[in-house]
Every structure is written in structure tokens, then in C-alpha cells.
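**Student:** A single structure is presented below for examination.
Residue numbers (the numbering used here): 3 to 255.
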């Protein structure tokens with residue numbers, strides 16, 4: 003089989019390692035089947051699309067909507083490299099799943115408005131599929147409504163015609179979307195189970211996602227949530243593209 007590529011940008015070594023492990027657990031992939039690039043540590047470089055079944059872009063402490071003058075040199079480099087990668091991904095319609103940060107990066111690439119209108123504190127929320135979500139290859143096997151973990155400062159507030167919205171929530175109308183046939187993004191975190199979410203909450207307690215005094219209450223709420231249905235997005239992405247054929251996704255000559 004061809005491996006998948008996971009692109010991450012978590013600065014903390016332990017958090018980054020657990021993130022890769024979480025994706026392995028919930029996709030069923032072995033570590034060697036999920037190649038890992040820490041784009042915050044080293045340039046992404048050339049991606050040989052013919053080597054991979056698909057690409058997953060993980061969440062990030064980076065935010066697209068932050069003014070450029072407030073971003074570090076590393077964040078600006080990451081944005082440039084991801085924009086160049088998405089040029090190729092969109093042109094090829096190559097299998098791609100962007101999680102949380104993926105909504106901002108793909109949304110901005112497509113001309114969506116990405117701002118802080120629909121930011122959500124760390125919690126479990128109820129997600130509802132749209133009509134398009136009911137018919138989508140990755141989402142149609144999910145329940146009509148399901149719970150998922152979120153925690154984000156920014157989201158898409160205006161959607162261009164190139165984006166098909168697949169799911170939303172009461173507090174964030176764009177929780178998942180598709181571009182073309184094979185490029186996906188979720189605002190929620192399908193890679194987080196309760197243990198991983200509570201670890202993430204404690205790690206980022208002072209990063210502006212919520213009031214630090216609320217940590218214990220957030221953890222208690224997470225322990226009562228059942229987010230197993232949200233994990234199906236990862237499983238379906240792997241099932242759908244595991245046997246991808248290079249010629250299908252290559253550029254026209």
C-alpha cells in the first residue's frame with residue numbers, strides 16, 4: 003500500500019508525538035503507513051504525490067486570520083508552503099483532509115472569509131450534516147447529528163462557490179466542507195478521543211482558547227461526551243483513498 007502523509011505544526015514534542023499516535027490509533031494505520039512531516043521544524047519540500055494515498059493536515063496553534071505582523075517567521079513560512087501545496091492539491095484534486103487549521107488554510111486559499119466570528123471554546127458540540135453532507139462519500143455514513151470536540155479561534159464566515167458545506171453547528175455554520183471531489187476540511191477534531199482532548203486542553207490552557215480557570219469544567223464536560231461518531235470521518239477517508247491509483251490524481255500532460 004501507499005502510505006498517507008501527515009503534516010503537523012505543533013511546537014511541543016510530546017504533543018506532536020501524541021498527535022501522530024492519535025491519528026494512527028483512529029485511522030488504524032501503522033506509524034510507517036502514516037509518514038510524518040513536522041512542518042514547523044523543517045520545510046515541507048517537494049511532495050511526490052505518486053508516493054501517497056492522501057494527505058492529512060493536522061490542527062495547529064497557528065491562525066490564518068492573525069495579522070501578518072503578529073506572526074512569527076516560522077508561521078509565515080508554513081503558510082507559504084501550505085499555500086503552494088494546496089495549489090497542487092486543488093489542481094490535481096488529490097485526496098486531502100485538513101483538520102481545524104485546514105479549514106482556515108483551505109478556506110483562505112479558496113477565497114473564503116476566515117475570521118473570529120464563529121470561534122468556539124474547547125468543548126463537545128452537536129454537529130449536523132447538510133443536505134450535501136448526506137450525499138457525500140465520506141460523510142453519508144455518519145449519523146445526521148453527532149457530537150465532536152472543537153476548540154478554535156477562527157472559522158469560515160463567508161463561503162465562496164467553490165466550497166460545498168457538508169456540516170455545521172449552532173455556533174459555527176461551517177464545520178466541514180469539500181472542494182472538488184477529494185479535498186476535505188473539518189473544523190471539529192475527528193482525531194481526538196476523550197483522553198487526547200483533555201490532554202490537549204491542559205496543554206493549551208494559556209493559549210487563549212478559553213479561560214484557564216475553566217479547565218476542570220471543560221474536562222468534566224468532555225468526559226460526559228460521546229464523540230465516537232466523529233472518528234468515522236478519519237476511517238472513511240482512509241477507506242476511500244487507501245487504494246488510490248497515481249494516474250487518477252496526476253496532472254494532465
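By construction, the Cβ of each residue, glycine as well, lies at the ideal position given by its N, Cα and C atoms.
Let me know the secondary structure DSSP gives residue 123 once reduced to three states.
**Tutor:** strand
**Student:** For a minimum of 3 consecutive residues, which ranges assigned as the beta strand (DSSP E) are wholly contained in the stretch 143-175?
**Tutor:** Within the stretch 143-175, the runs of beta strand (DSSP E) that reach at least 3 residues and sit entirely inside it are, in chain order, 147-154, 157-160 and 165-170.
**Student:** Check whether the Cβ atoms of residue 8 and residue 22 sit closer than 9 Å, and answer yes or no.
**Tutor:** Yes, they are a contact pair.
**Student:** Are the beta-carbon atoms of residue 178 and residue 231 separated by less than 9 Å?
**Tutor:** no
**Student:** Does the count of Cβ pairs from the stretch 136-154 and the stretch 45-57 closer than 8 Å reach three?
**Tutor:** no
**Student:** So, is residue 45 buried or exposed, given that buried needs 16 or more other C-beta atoms within 10 angstroms?
**Tutor:** exposed
**Student:** Would you mind working out which of 78, 58 and 56 sits nearest residue 65, comparing C-alpha positions?
**Tutor:** 78
**Student:** May I ask you to report which of helix, strand or coil DSSP gives residue 103?
**Tutor:** helix
**Student:** Indicate the three-state DSSP secondary structure (helix, strand or coil) for residue 248 in the structure shown.
**Tutor:** At residue 248 the pLDDT is 47, less than 50, meaning the model places this residue with poor confidence; the figure from the coordinates comes in the next sentence. In the three-state DSSP reduction, residue 248 falls in the helix class (H, G or I).
**Student:** Would you call residue 138 buried or exposed, if buried means 16 or more other Cβ atoms sit within 10 Å of its Cβ?
**Tutor:** By the 16-neighbour rule on beta-carbons within 10 angstroms, residue 138 is buried.
**Student:** Can you check which of these residues, 152, 190, 200 and 112, is closest to residue 161 by C-alpha distance?
**Tutor:** 112
**Student:** Under a Cβ-count criterion, where at least 16 other Cβ atoms within 10 Å of its own Cβ denotes burial, should residue 222 be classed as buried or exposed?
**Tutor:** Burial call: exposed.
**Student:** What do you get for residue 126, buried or exposed, if any count of 16 or more other CB atoms within 10 angstroms of its CB means buried?
**Tutor:** buried
**Student:** Which one or two residues does DSSP pair with residue 56 in a beta bridge?
**Tutor:** 6
**Student:** In terms of alpha-carbon separation, which member of 12, 122 and 91 lies closest to residue 213?
**Tutor:** 122
**Student:** Assuming residue 15 is part of the alpha helix (DSSP H), what are its boundary residues?
**Tutor:** 15-29
**Student:** Does the beta-carbon distance from residue 12 to residue 85 come in below 9 Å?
**Tutor:** no
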